[in-house]
Amino acid sequence: MCGILGFQSDGKKRNRAEWRAVEAIFRSLFALNETRGGHGCGLLVSRAKKPTVVRHAVRADEFMTEAIDQMRCDDGVLSMVGHTRYATGSKRGSKQCHPFKDGHLRGFHNGVIGNDSDFGKFDVDSKAIWKAMREHGFDGIEKLNGWAALVWRDETDKRAMYLFRDGAPLAFSKQNGILWFSSDPKHLQLALGLKEEPKQLLEGYVYRAENATMTKVSDMIVMGARQTYQTSYVYGEKYTWKGREDYSALEGDVVVADDPGLATLETCEFCGDPTDRADMELAEFSGTGYFVCESCFAEAEDGLWEVNGKAIDFI
Ligand SMILES: [Zn+2]
């Protein structure tokens, strides 16, 4: 288990006190995240031009002291991502700490990849992800066996950040124009002072975020472990993958076809209608993201969804 946490700014100017508040939340999330991995840490600060990267095989408390200057925020910061590593079977050095770079891609992974050797010889399984995606685009994710939450930066699209999850958690919430995300929804709830646990990204889709606005940019992607085990997909069932009996990527999903990896029903959070996962859109209302059906999304776009005279905007 590892953990990913961070934020993306809406690009608006903030004063020193406002940025200090953002820094404080980021540092709280980082500290909480130490529970998900104590073998190493990583930091990626994205600015319009060159990003800053810090990696060190130390625990989060020590890392946060070392990287105190790099964690300072100002109007030039587009996004900041942190990672705490729990080494699963590979070395525990600083070179094995995320983020990893392959060509124009640089990113963080929480999860396990079982077939990294299909893509080359790597000292950490996660490195195969970025090679697979550099060679095959988003389709590269589908060629990987395992599970993942991913957050990455593309040098050909510097203002954007990309997020994806399949079988691993990744929660998000927007507050004061900042899009926050964290592997552990409870950490986000605590750090942001939310009454309820924030939502997680819909599984199996790549989201592109720019200026704290998220857009779905891929068709459904099913990772290898799901493809292999789709015959055992039953509501809430736990099954075994590589000896992990607790792995249940689709727990809670309602399976409606023999091809469950591609046909799962979710519930529209506005009208309550059952909706195919592939047709779900992400709408924002009062700072919270909602997964809604296409017709509710269209109504919202037409300005029909209003409360207190304020139309819904979208992430
Ligand atoms: Zn609806």
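In the working numbering, the protein residues as written are 137 to 451. A virtual CB, placed ideally from N, CA and C, is assigned to each residue, including glycine. Being a predicted model, the structure only gives us computed values, none of them experimental.
Own chain partners of residue 259 with C-beta closer than 8 Å, once the 5 adjacent residues on each side are dropped: 226, 227, 231 and 232
Apart from the five residues just before and just after residue 210, which ones in its own chain have a Cβ nearer than 8 Å to its Cβ? 155
For residue 161, which residues in the same chain have their Cβ closer than 6 Å to its Cβ, ignoring the five residues on either side in sequence? Annotation for residue 161: 327 place their beta carbon closer than 6 Å to its own, counting only its chain and skipping 5 residues before and after.
Under 6 Å Cβ to Cβ from residue 219, same chain only, skipping five residues before and after it: list those, please. 140, 178, 234 and 244
Can you tell me where the alpha helix (DSSP H) holding residue 201 begins and where it ends? 196-202
Would you mind working out which of 425, 153, 351 and 174 sits nearest residue 138, comparing C-alpha positions? Nearest to residue 138 by C-alpha distance, out of 425, 153, 351 and 174, is 174.
On the criterion of 16 or more Cβ atoms from any shown chain inside 10 Å, does residue 310 qualify as buried, or is it exposed? buried
Figure out for me which residue from 324, 176 and 281 has the closest Cα to the Cα of residue 250. The candidate whose alpha carbon is nearest that of residue 250 is 281.
Under the three-state reduction of DSSP, which class applies to residue 156: helix, strand or coil? Of the three classes helix, strand and coil, the one that applies to residue 156 here is helix, per DSSP.
I believe residue 426 touches residue 434 by the beta-carbon criterion, under 8 Å. Please report the beta-carbon distance rounded to the nearest angstrom. Rounded, the Cβ-Cβ distance is 14 Å, inconsistent with contact.
Could you tell me whether the Cβ atoms of residue 172 and residue 262 are closer together than 8 Å? no
Cβ-heavy atom distance, residue 432 to ligand 1, below 7 Å: True, at least one ligand heavy atom lies under 7 Å from that Cβ.
Would you decide whether residue 407 is buried or exposed? Buried here means 16 or more other CB atoms lie within 10 Å of its CB. exposed
Would you mind reading off the limits of the alpha helix (DSSP H) that contains residue 269? 263-272
DSSP beta-bridge partners for residue 179? In DSSP, residue 179 forms a bridge with 190 and 218.
Would residue 373 be called buried (16 or more neighbouring beta carbons within 10 Å of its own) or exposed? The predicted model places residue 373 with a pLDDT of 41, which falls under 50 and marks its position as unreliable, so this point remains unresolved.
Please classify residue 252 as buried or exposed, where buried requires at least 16 neighbouring CB atoms within 10 angstroms. buried
Using CA coordinates, which residue listed in 342, 428, 402 and 296 is at the minimum distance from residue 145? 296
Looking at residue 406 and ligand 1, is the gap between the Cβ and the nearest heavy atom below 7 Å? yes
Do you know offhand how far residue 254's Cα is from residue 331's? 44 Å
Quick check on the DSSP output: the beta strand (DSSP E) that includes residue 325 runs from which residue to which? Note, residue 325: premise wrong, no beta strand (DSSP E); alpha helix (DSSP H) at 321-328.
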